[in-house]
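Chemist: Take this structure first; my questions come after.
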Amino acid sequence: MPGGKETRLLHLSEMEKLDKTLFRLEQGFELQFRLGPTLQGKPVTVYTNYPTSGEVFDRHKFRTLSWHNPTGKEDDSDKYCKVDLQISGSYQYYFSLGNEKSGGGYIVVDPILHVGADNHVLPLDCVTLQTFLAKCLGPFHEWEDRLKVAKETGYNMIHFTPLQKLGLSRSCYSLADQLEVNPEFSNHNKKCTWSDIGALVEKLKNEWNMLCITDVVYNHTATNSEWLRMHPECGYNLVNSPHLKPAWVLDRALWHLTGMVADGKYIAKGVPPLIENDQHLNCLRKIIYEDIYPKIKLWEFFQVDVDKAVQQFKTLLTQGKMGTKSDPNQHLQILQDPDYRRLGCTVDMNIALATFIPHSNGPAAIEECCNWFRKRIEELNAEQYRQASHHQEQAVNCLVGTVVYERIACDGPKLGLISRKHPLVTRYFTYPFKELTVEEEETMIHERDKACYFMAHNGWVMGDDPLRNFAEPGSNVYLRRELICWGDSVKLRYGNKPEDCPYLWAHMKKYTEITAKYFHGVRLDNCHSTPIHVAEYMLDTARKLRADLYVVAELFTGNEELDNIFVNRLGITSLIREAMTAYNSHEEGRLVYRFGGEPVGSFVQPRLRPLMPAIAHALFMDITHDNECPIQHRSAYDALPSAMIVSMACCATGSTKGYDELVPHQISVVSEERFYAKWNPAAHVSSGEVNFQTGILAGRLAINRLHQELGAKGFNQARREDQVDEDIVAVTRHCPNTHQSVVAVCRTAFRDPKTCFYSKEVPEMCIPGKIDEVVLEARTIERSASPYKKDLRFINGLPNFTMELREHIQIKDSKIIKQAGTAIKGPNEFVQEIEFERLTPGSVIVFRVSLDPKAQEAVGILRNHLIQFSSHFKSGSLPDDHSAPILRTPFSSIASKLTLADLNQVLYRCEAEEQEDGGGCYNIPNWSPLKYAGLQGLMSVMADIRPKNDLGHPFCDNLRSGDWMIDYVSNRLISRAGACAEVSK
């Protein structure tokens, strides 16, 4: 299809459900649905919710796609139905056989980002994002001076944490009002409004060539949100979620325990206010088991009042009532009291009467029957007690684990003395009333006007199913204390549809509309815990206002198929991936290859080809605002090489403000109150200012420029080279059109060079091709400066580190390379050998590499001859003035001379046919012979491995190893003479 539109074929198979498979497509593509072998000859109807031209997208509205028959015949082998994709988002399809649904899945269409006054396209793989904590930007009139640091260092997208009014905790993600701008951005002269922020966002887009995104937080709100007091039904409270009552009672008991420990009342029992060792922890366990649990008797919420039940049963027997079972296998079991009152559970008396039948109507027989019934109820209660004990045991384990992390562990926050400000464990529920005794407080859980204000806090559950709502009935997360709780936020209760909680849905819809109106994209905060149907509804709302909405999210499922469910249903553009998860430099290099780019040497793909499953597009970040400081876990020297490694990924990349300035601590989203530094290009800067001499800012500009160049110029193939040594990572980006490569060699510093040994002897490195230039070389160095001191007003970095940077130089001018030699390894391999001199830990060097001149010319001539088959080959082609006459003849003209017999020779002929002429089909070593000796033998294999880019297949290995396959094809046809020989030439 030379010059045609990009078309993807999706073959449908009976009962194939692809909800967990990701299919990514671009706007302007055509998607064709075709019938696979299992559906041939069957009445298949395909449906999709992709809207027709001019219609508004409705997720629940599906339409039937019509079948096209290109041949004009009723032939299932070539008929198809199609969708022309012009709108970004997530779309569903399914197909049915008759009236029965047989299979389906999703397609995700990427948005097209536009930037600049001329609205030019910003490719997704060119994105370089930086996260700013909005509260650290200061008053609105100072934002430009602080954001300018991002502009000057080459970022083209800014991610703002929420800009709304914050809750009491001051966490960036605990919002008091989703509709109000943080009043701290205003000053006495001017109130900051959404319109002001929108105007700045537009200025950054048009004048700075930067897009802006911000978070949407759907899963929780600050405990002090005024609208929540007016609408307590929006949270999981003890009225609409009575299953949480036992967990609430336990939570209050632990709060009272906090007060007693803080006041020193448990010192005699081995638990002082400062918990420091295992003995204290063991004593704490003992107190909970001996003092707390026996007092609150949580098992009673799940048990039956035995005497009351027996009396009811006896009355029914005395009245001569008889029971029946609808199911003979039905057994007596406890029915949970929906209001969760102590001993409020019941049993089905109908089943009881059908199970325990007196042998007569006499008082003795009835009494005997009641005794058997009593015994069974006591057994059921005992089982409930055992189950409650299991929950209590897990709760103690979780509680002690939390105490260990928060107060003893080396990598924990070390909160110190237990106090009401820093309780034994974070409270799971709000309690807005006067503190009473545990017994007095419990009476309020059955008073609706008070119980509605006892709301569950939000958090996350390690290893939990992200598609399960841990606050809903059936979950015991709160009772078992498995929630890693955010005590400043209330978990929101949406229900299944807007009618279940009208105010909350309307409030969050308006919040979404404000965000989509003023920003180019959103980050879905806490995506894995946000009810997926809520996120669907809100993103549909946002895309109605901004069709090309850039949507990013962070998922902690640890499972690619689960990730795909979220990406498919929400239309997530990029998933945030963290370089900080890498435990060594080898793993960091592997992540580059994993998250972006085709393998180097990939097949040239036709415009019409099968639609293949994809992995989610990545926003690969050297650090996120949730990560701990890499300087503390690695070293300051590692910031530059790790940033370089991340930037070599063929995907969107990003960082967080503070990384480039070498801030030696995590900038906390909760406790940080200082402001970011402003940009000052002058040679000398004062407190609260930065320039290119600060940290790695100069290097970041060069790195970001290179990343954007590689994405824009088609360097879409990536390879992580073999480790040069345990600390040196080499990553290649390759452009298949020009056959030019960019190779980054980075010496990481996961260990501090000041305290750990690094060899001065760096192994030589061989780079295939001709090195045109050193794009950049940079080294992290120390300079004379005062020791780091945390500034009280501004976020500051290490003053004694900076970097040396040189750009666009020749190898001979490099200060990192000792010498470079040229070696010819075989007839087709031109290699440059690099000997390093000053590739110290914290250094990077980037080479631009091309083929040697003869090979470059040969490739250009070859591409010129291939243009007749695809316009794709125009780029990088060279005219061939000395080609043989046969090569100047269009292939279509040569092929037109072939007879049917010739076509059989060129395309087919099986092994037996070839043997008659003394030949045979081509044999692939370590695999098998081809099915046909002709071109179809090759094409049948390539039809499978080409769309997948399966470069590890023995077929590809044979191609790389030598010219035997092409010689076989050519020589076989030359021996036939005539038109076949012309084809071979």
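Following the working numbering from start to finish, the sequence shown increments by one per residue and tops out at 1142. Glycine residues also receive a C-beta, built at the ideal position from the N, C-alpha and C atoms. This one's a predicted model, so the numbers in the text were calculated from it and none came from an experiment.
Can you tell me where the beta strand (DSSP E) holding Cys-786 begins and where it ends?
Modeler: In the DSSP annotation of this structure, Cys-786 is not part of any beta strand (DSSP E), being labelled neither H nor E.
Chemist: To the nearest whole angstrom, what separates the beta carbons of Leu-242 and Phe-186, a pair I think is in contact under 8 Å?
Modeler: Right, their Cβ atoms sit about 5 Å apart.
Chemist: Determine the direct distance from the alpha carbon of Gly-295 to that of Asp-302, and round the result to whole angstroms.
Modeler: Using only the alpha carbons, I get a separation of about 11 Å.
Chemist: Can you tell me the Cα-Cα spacing of Gln-1025 and Phe-1048, whole angstroms?
Modeler: Distance between the alpha carbons of Gln-1025 and Phe-1048: 8 Å.
Chemist: Using three-state DSSP, classify Met-158 as helix, strand or coil.
Modeler: Caution applies to Met-158, whose pLDDT of 39 falls short of 50 and renders its modelled position unreliable; the value that the coordinates give is listed next. In this structure, Met-158 counts as coil in the three-state DSSP scheme.
Chemist: Within 10 angstroms of its Cβ, does Gln-402 collect 16 or more other Cβ (buried), or is it exposed?
Modeler: The residue you asked about is not Gln; residue 402 is Lys in the sequence shown. A buried status is given to Lys-402, since no fewer than 16 other beta-carbon atoms sit within 10 Å of its beta-carbon.
Chemist: Comparing alpha-carbon positions, which option in Leu-474, Lys-162, Arg-498 and Arg-564 lies nearest Gln-460?
Modeler: Arg-498
Chemist: Using the three-state DSSP reduction, which class does Thr-178 fall into: helix, strand or coil?
Modeler: coil
Chemist: Please classify Met-158: is it buried, with 16 or more other beta-carbons within 10 angstroms of its beta-carbon, or exposed?
Modeler: A caution first: Met-158 carries a pLDDT of 39, below 50, which makes its placement in the model too unreliable to give a value.
Chemist: Can you list, in chain order, the residues of its chain with a C-beta nearer than 8 Å to that of Gly-1017? Leave out the 5 residues immediately preceding and following it.
Modeler: Listed in chain order, the non-local C-beta contacts of Gly-1017 below 8 Å within the same chain comprise Gly-1033, Ser-1034 and Leu-1035, local neighbours out to five positions each way being set aside.
Chemist: Let me confirm a value: Trp-412 is counted as buried when at least 16 other C-beta atoms fall within 10 Å, else exposed. Which label applies?
Modeler: buried
Chemist: Name the one or two DSSP bridge partners that Gln-287 has.
Modeler: Ile-315 and Ser-812
Chemist: Quick one: what does DSSP say Lys-972 is sitting in, helix, strand or coil?
Modeler: coil
Chemist: Can you list, in chain order, the stretches of the beta strand (DSSP E) that have 3 or more residues and sit fully within the stretch 696 to 774?
Modeler: You should have 707 to 710, 731 to 735 and 765 to 767.
Chemist: CB-CB under 8 Å to Pro-910, same chain, minus the five flanking residues each way: which ones, in chain order?
Modeler: Ser-792, Tyr-794, Thr-997, Pro-998 and Gly-999
Chemist: Taking all protein chains shown into account, do 16 or more other C-beta atoms lie within 10 angstroms of the C-beta of Lys-322, making it buried, or fewer, making it exposed?
Modeler: buried
Chemist: Can you check which of these residues, Phe-760, Val-647 and Pro-399, is closest to Arg-636 by C-alpha distance?
Modeler: With the sequence shown as reference, residue 636 is identified as Leu, and Arg is not the correct amino acid for it. Taking only the C-alpha atoms, the option nearest Leu-636 is Pro-399.
Chemist: What is the residue span of the alpha helix (DSSP H) that Asn-615 lies within?
Modeler: Element bounds for Asn-615: not the alpha helix (DSSP H) but the beta strand (DSSP E), 614 to 617.
Chemist: Nearest to Ala-773 by alpha carbon, out of Arg-876, Ile-264, Leu-196 and Val-203?
Modeler: Ile-264
Chemist: Between which two residues does the beta strand (DSSP E) holding Gly-273 run?
Modeler: Per DSSP, Gly-273 belongs to no beta strand (DSSP E) and is neither H nor E.
Chemist: Using 8 Å as the threshold, is the stretch 756 to 772 in touch with the stretch 831 to 847, meaning 3 or more CB pairs across them?
Modeler: no
Chemist: If you measure between the beta carbons of Pro-389 and Met-612, is that distance less than 8 Å?
Modeler: yes
Chemist: What span of residues does the alpha helix (DSSP H) with Gly-856 cover, start to end?
Modeler: 854 to 869
Chemist: Within its chain, find whatever has a CB closer than 8 Å to the CB of Ser-941; leave out the 5 residues flanking it on each side and keep chain order.
Modeler: Asn-957
Chemist: Using only the alpha-carbon positions, how far apart do Ser-1007 and Val-647 sit?
Modeler: 58 Å
Chemist: With a CB to CB cut of under 7 Å and the five nearest residues on each side skipped, what residues in its chain are close to Met-1122?
Modeler: Tyr-1079, Asn-1115 and Leu-1116
Chemist: I want to know whether the stretch 456 to 471 touches the stretch 413 to 428 - three or more CB-CB distances under 8 Å.
Modeler: no
Chemist: Please list the terminal residues of the continuous beta strand (DSSP E) segment that includes Leu-624.
Modeler: Where Leu-624 is concerned, there is no enclosing beta strand (DSSP E), given that its DSSP letter is neither H nor E.
Chemist: In whole angstroms, what separates the C-alpha of Tyr-251 from that of Asn-721?
Modeler: 17 Å
Chemist: Who pairs with His-298 in a beta bridge, going by DSSP?
Modeler: In the DSSP output, where bridge partners are listed per residue, His-298 has none listed.
Chemist: Give the DSSP bridge partners of Gln-874, in chain order.
Modeler: Here Gln-874 is bridged, per DSSP, to Glu-755 and His-891.
Chemist: Along the chain, where does the alpha helix (DSSP H) containing His-1022 start, and where does it finish?
Modeler: 1010 to 1023
Chemist: Less than 8 Å between the beta carbons of Ala-736 and Ser-799, yes or no?
Modeler: yes
Chemist: Report yes if the C-beta of Val-634 is less than 7 Å from at least one heavy atom of the ligand SAH; otherwise report no.
Modeler: Inclusion of the ligand SAH in the displayed structure is not the case, the ligand content being empty and no account of it being possible.
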